[in-house]
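A.B. asks:
Residue numbers (UniProt numbering): 1 to 125.
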């Protein structure tokens with residue numbers, strides 16, 4: 001983070017941005033939710049805000065640990081026992097559940113990697 005001159009807030013913002021771009025590449029409207037980290041799909045008809053990516057980082061001496069959990073083909077049954085960010089009125093979603101079919105994980109991973117390189121202005125060597 002120090003080499004990239006990033007604050008913790010900016011680092012999280014850029015992680016969210018790369019994931020938002022990836023989700024939107026698949027034709028899904030996504031964004032941020034004020035007061036909560038991660039990437040969310042907005043409410044639709046009878047669906048509440050739905051979290052598609054959680055972010056949890058620890059920063060020590062400008063080194064980040066942990067990261068994000070992007071729900072691509074995630075089994076969402078386990079989420080019936082928890083509430084994302086403590087919200088009882090919001091849900092969890094995955095690309096698979098949004099489309100109704102399993103996604104090519106390697107393809108999603110490669111697109112996301114490219115977005116991370118772009119938003120963080122990195123160079124792969």
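By construction, the Cβ of each residue, glycine as well, lies at the ideal position given by its N, Cα and C atoms.
In angstroms with no decimal places, state the Cα-to-Cα distance between residue 45 and residue 12.
C.D. replies: Numbered from its first residue, the chain shown carries residue 45 at position 45. Numbered from its first residue, the chain shown carries residue 12 at position 12. Approximately 29 Å between the Cα atoms of the pair.
A.B. asks: Provide the residue span of the alpha helix (DSSP H) that contains residue 66, from first to last.
C.D. replies: As a position in the chain shown, residue 66 is number 66, starting the count at 1. Residue 66 -> not in any alpha helix (DSSP H); beta strand (DSSP E) instead, spanning 63 to 70.
A.B. asks: Taking the straight line between their C-alpha atoms, what separation do you get for residue 3 and residue 103?
C.D. replies: As a working mapping, residue 3 is identified with position 3 in the chain shown. As a working mapping, residue 103 is identified with position 103 in the chain shown. Answer to the nearest angstrom: the Cα atoms are 35 Å apart.
A.B. asks: Throw me the rounded Cβ distance for the residue 90 and residue 50 pair, which I believe falls under 8 Å.
C.D. replies: Numbered from 1 along the chain shown, position 90 holds the residue referred to as residue 90. Numbered from 1 along the chain shown, position 50 holds the residue referred to as residue 50. At roughly 7 Å, the Cβ-Cβ gap stays under 8 Å, so residue 90 and residue 50 are in contact.
A.B. asks: From the DSSP output, which residues share a beta bridge with residue 57?
C.D. replies: Looking up residue 57 in the chain shown gives position 57. Answer is 66, bridged to residue 57.
A.B. asks: Between which residues of its own chain and residue 95 is the CB-CB distance below 8 Å, once the five residues before and five after are set aside?
C.D. replies: For the purposes of this step, residue 95 is taken as residue 95 along the chain shown, with counting starting at 1. The residues are 23, 26, 28, 52, 71, 72, 73, 103 and 108.
A.B. asks: Which first and last residues belong to the beta strand (DSSP E) in which residue 41 is found?
C.D. replies: Your numbering for residue 41 matches position 41 in the chain shown. Residue 41 -> beta strand (DSSP E) spans 36 to 41.
A.B. asks: Candidates 111, 122, 123 and 84: which alpha carbon is nearest residue 19's?
C.D. replies: Here residue 19 corresponds to residue number 19 of the chain shown, with the count starting at 1. Of the candidates 111, 122, 123 and 84, the one whose C-alpha sits nearest the C-alpha of residue 19 is 111.
A.B. asks: Spatial neighbours of residue 66 within its chain, please: C-beta separation below 8 Å, excluding the five flanking residues on both sides.
C.D. replies: Within the chain shown, residue 66 is the residue found at index 66, counting from 1. Cβ neighbours of residue 66 beyond the five flanking positions: 56, 57 and 58.
A.B. asks: Within the same chain, show all residues whose beta-carbon is closer than 7 Å to that of residue 15, passing over the 5 residues directly before and after it, in chain order.
C.D. replies: Numbered from its first residue, the chain shown carries residue 15 at position 15. Contacts found: 55 and 68.
A.B. asks: Which residues mark the beginning and the end of the alpha helix (DSSP H) in which residue 15 is found?
C.D. replies: Against the chain shown, residue 15 aligns to sequence position 15. Start and end: 8 to 25.
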